[in-house]
Each structure stands twice: as C-alpha cells, then as structure tokens.
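Working notes, structure below.
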Amino acid sequence: MNSADLVLTPTGLRYQGRTFPVSRGRSGIRTDKREGDGATPACTHRIIGTLYRPDRIAASDAPPWAVPIGLQDRWCDAPDHPAYNHMVREPFGKTDERLRRADPLYDIILLTDWNWPMAIPYRGSAIFLHGWRRPGYPTAGCLAFRRDHLIWIARRANPGTRLIIRP
Numbered sequence: 003m004n005s006a007d008l009v010l011t012p013t014g015l016r017y018q019g020r021t022f023p024v025s026r027g028r029s030g031i032r033t034d035k036r037e038g039d040g041a042t043p044a045c046t047h048r049i050i051g052t053l054y055r056p057d058r059i060a061a062s063d064a065p066p067w068a069v070p071i072g073l074q075d076r077w078c079d080a081p082d083h084p085a086y087n088h089m090v091r092e093p094f095g096k097t098d099e100r101l102r103r104a105d106p107l108y109d110i111i112l113l114t115d116w117n118w119p120m121a122i123p124y125r126g127s128a129i130f131l132h133g134w135r136r137p138g139y140p141t142a143g144c145l146a147f148r149r150d151h152l153i154w155i156a157r158r159a160n161p162g163t164r165l166i167i168r169p
C-alpha cells in the first residue's frame, strides 16, 4: 500500500494523505460477494473509468478522461445476459440500472474492475464509487461519498489506481 492507493479503513477511505467519510454496502464487507447481496466485496480493485452527468457536473470538475453519461446509458445487472456487468444502451430490456438517474447519486461515478471484464454470472455487478444519499446511509454494495469529496477523488484517481478493501 502507498499514498496513491485508495484504502478503505474503519474510519473512512484514505487517499493521498486524507481520510474521507464513506458509506458501504448494507450487508458489510464480504469475501463471497453475490449479485443482490448488498455487500461490498473485499479485494484489491482497480479504477477503470469515470462517468459523469454533463448537465450536472462541469467538465472541469471531471477528470479529462471521464466519459459523459448519455440519456440511454444503463449498466447490465442481469446475471444471465452476455452483457452482465457492462455498460449498455437502451433499448435494453434486461436491466433497470439507469446511469442517468433523477437523484444525484450517479452524477459522477468511478468504475471499478469488480467482476469485469469477464463477468462471472451472479458474482455481483457494478461496484462504483458514487455520491451518497446522506452520511452513513448504506449502499447496495458500492462506496458512496459526499459530492465534493467524490469530485476531489475523481480528479486525482487515474485508471489503474488501486482500491483496497479488506474484510
């Protein structure tokens, strides 16, 4: 581990000498992650990309390599579909995971390589770093942050940055 790693600790997410409050999965941290279990998977992940809402986040607040979220963008969370745990576009009848949400949770998203690119069915999809509903409110397995903290992290975490989550 080093200061360039994102490290989940009992007191928050440590990164580049700072510690940020974070919300975790409602079922805690698990080594045996499964689709829909509400757990945050324990392992070393890598950041693989960033998505953002260009109507809500200024391009200058997103990293230069971030991709805008389009009106049709979705994430496939259907374990029996060949596109499981990949970004897809509507029309796509196998998922309801809209990336362009009415609430601000997905205004900026850091994507991880959890169960990607060769997804194993039912192992779990889409472990994102995204905005939180409110402090301490659990997620479905992702890590959630205050908006300004998430933007700060996103502007500094490049593709390949390690995210370390221990049980």
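Each number in the numbering used here corresponds to the 1-based position in the sequence shown with 2 added.
We put the beta carbon where it would ideally sit given N, CA and C, even for glycine.
Which same chain residues, not among the five before or five after residue i, have their C-beta less than 7 Å away from its C-beta?
| i | result |
| --- | --- |
| R158 | Q18 |
| P70 | Y54 and P56 |
Does DSSP put residue i in a helix, a strand or coil?
| i | result |
| --- | --- |
| R135 | coil |
| L152 | helix |
| R26 | coil |
| R157 | helix |
| A44 | coil |
| D63 | helix |
| T163 | coil |
| P56 | coil |
| R36 | coil |
| D82 | coil |
| D7 | coil |
| G72 | coil |
Taking the beta carbon of residue i as the centre, do at least 16 other beta carbons fall within 10 Å, making it buried, or is it exposed?
| i | result |
| --- | --- |
| N160 | exposed |
| G95 | exposed |
| L73 | exposed |
| W67 | exposed |
| D79 | buried |
| D150 | exposed |
| N117 | buried |
| R76 | buried |
| D109 | buried |
| S62 | exposed |
| A60 | exposed |
| G27 | buried |
| T52 | buried |
| T21 | exposed |
| A104 | exposed |
Rounded to whole angstroms, how far is the Cβ of residue i from the Cβ of residue j, which I believe are closer than 8 Å?
| i | j | result |
| --- | --- | --- |
| G41 | R168 | According to the sequence as given, residue 41 is Ala; it is not Gly. Not confirmed; about 14 Å, so no contact. |
| A121 | N87 | 4 Å |
| P81 | P140 | Rounded, the Cβ-Cβ distance is 22 Å, inconsistent with contact. |
| P23 | G30 | Not a contact, Cβ separation roughly 17 Å. |
| G133 | L107 | 5 Å |
Within 8 Å (strictly less), CB to CB, does residue i reach chain C?
| i | result |
| --- | --- |
| A61 | The structure shown contains no chain C; it holds only a single protein chain. |
Spatial neighbours of residue i within its chain, please: C-beta separation below 8 Å, excluding the five flanking residues on both sides.
| i | result |
| --- | --- |
| T163 | A6, D7, L8, R48 and I49 |
| T33 | P43, A44, C45 and P169 |
Whose C-beta lies closer than 6 Å to the C-beta of residue i among residues of the same chain, with five residues either side of it excluded?
| i | result |
| --- | --- |
| A64 | Y54 |
| L131 | L112 and L145 |
| S127 | D79 and N87 |
| L10 | I167 |
Is the beta carbon of residue i within less than 7 Å of some heavy atom of the ligand FMN?
| i | result |
| --- | --- |
| P56 | Absent from the structure shown: the ligand FMN. Ligands present: none. |
Q. Quick one: complete alpha helix (DSSP H) runs, 4+ long, within the segment 91-146?
A. Whole alpha helix (DSSP H) segments, 4+ residues: zero.
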